[in-house]
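Colleague: All the letters of the sequence shown, read from the start, carry residue numbers 122 to 353 under our numbering.
Pasting in a structure now, in structure tokens, and then I'll have a few things to ask.
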Amino acid sequence: MRVGISLTSAHKVRDPRETARFLVERTAAAQRAGLDSLFVGDHHATPGPYYQNVPIMGRLLAEWGDKPAGCLFLLPLWNPVLVAEQIGTLAAIARGRFIMQAGLGYDEAQFLAMGANIKQRPSAFEESLGIIRRLLAGEVVSSDHRFHLENARLALRPAEPVEVWIAGTAEPAIDRAARLAEGWLVSPEPTLEQAKTAIDYYRARCATHKRTPTAIAIRRDIYVGESAAEAE
122 MRVGISLTSA
132 HKVRDPRETA
142 RFLVERTAAA
152 QRAGLDSLFV
162 GDHHATPGPY
172 YQNVPIMGRL
182 LAEWGDKPAG
192 CLFLLPLWNP
202 VLVAEQIGTL
212 AAIARGRFIM
222 QAGLGYDEAQ
232 FLAMGANIKQ
242 RPSAFEESLG
252 IIRRLLAGEV
262 VSSDHRFHLE
272 NARLALRPAE
282 PVEVWIAGTA
292 EPAIDRAARL
302 AEGWLVSPEP
312 TLEQAKTAID
322 YYRARCATHK
332 RTPTAIAIRR
342 DIYVGESAAE
352 AE
């Protein structure tokens, strides 16, 4: 088992520079503590402060060293060419392996704000992921489906293959991870018993799809403070 950190930036502060510095300091502390991996999430048009994943990760990588790092992308909210370009750039900055975490998204308000249709998210997700993989592989991609592209290409391709971990806890999402990705990202909500049942299902679906997973990543929310009251 390996332990990493997924940083949240949802802190209410008067000066957003304060939390940005806090994220940098936490990354440096995680690196000194020997944690194995560093990740940041993805949200848009949120009522509270949320630092965007790509620029903040670019800054955090300067503190991180050569261990794995990655970003979550809610693919139905993104143009796939832009995602591929962001990954190509971050993978070049990173000194270690770069991992793409991918999710469908769930907040209708965010979909409305980004001009996306939440009812189409499963098909949009799979189409987007397919385009991103093709671009990362060096293909020239045209598409006239949900995403309209003509001769899209990626010049700044990662030097090493980028692993994909798909997030989700419902059975269709778990099957999607087994079918399309190298790893699976489990949300913090399941109990230990529920997580065990879901892991067994994921491994069975991997066997059905004749795929060998590289990672099962289980998130747990942890609040750190000098006292229990402060952490709460």
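Quick reminder that beta carbons are idealized off the backbone N, C-alpha and C, glycines included.
#1: Within the same chain, show all residues whose beta-carbon is closer than 6 angstroms to that of Phe-160, passing over the 5 residues directly before and after it, in chain order.
#2: So Pro-170 and Ala-131 are supposed to be a Cβ contact under 8 angstroms. How far apart are they, rounded?
#3: Within 10 angstroms of the Cβ of Val-124, are there 16 or more other Cβ atoms? Answer buried if so, exposed if not.
#4: Between which two residues does the alpha helix (DSSP H) harbouring Phe-219 extend?
#5: Grouping DSSP H, G and I as helix and E and B as strand, with all else coil, what is Phe-160?
#6: For Phe-355, tell me which candidate among Gly-162, Leu-196 and Leu-313 has the shortest Cα-Cα distance.
#7: Using 8 angstroms as the Cβ pair cut-off and three pairs as the minimum, do the segment 205-224 and the segment 271-291 touch?
#8: Under a three-way DSSP split, which group does Gly-289 fall into?
#9: Look at Ala-223 and Phe-268 and say whether their C-beta atoms are less than 7 angstroms apart.
Modeller: Looking at the atomic coordinates:
#1: In the sequence shown, residue 160 corresponds to position 39, counting from 1. Cβ within range, chain order: Ser-127 and Gly-191.
#2: Residue numbering aside, residue 170 sits at position 49 when the sequence shown is read from its first letter. Residue numbering aside, residue 131 sits at position 10 when the sequence shown is read from its first letter. Sure, about 7 angstroms apart at Cβ, within 8 angstroms.
#3: In the sequence shown, residue 124 corresponds to position 3, counting from 1. By the neighbour-count rule (16 or more Cβ atoms within 10 Å), Val-124 is not buried but exposed.
#4: Locating residue 219 in the sequence shown gives position 98, counting from the first residue. Per DSSP, Phe-219 belongs to no alpha helix (DSSP H); it is in the beta strand (DSSP E), 219-224.
#5: By 1-based counting over the sequence shown, the position of residue 160 is 39. In this structure, Phe-160 counts as strand in the three-state DSSP scheme.
#6: In the structure displayed, the chain extends from 122 to 353; residue 355 sits before or after that span and is not available.
#7: yes
#8: Along the sequence shown, read from residue 1 onward, the residue named residue 289 stands at position 168. Three-state DSSP puts Gly-289 in coil, outside helix and strand.
#9: The residue given as residue 223 occupies position 102 in the sequence shown. The residue given as residue 268 occupies position 147 in the sequence shown. It is not a contact, given that the beta carbons lie outside the stated cut-off.
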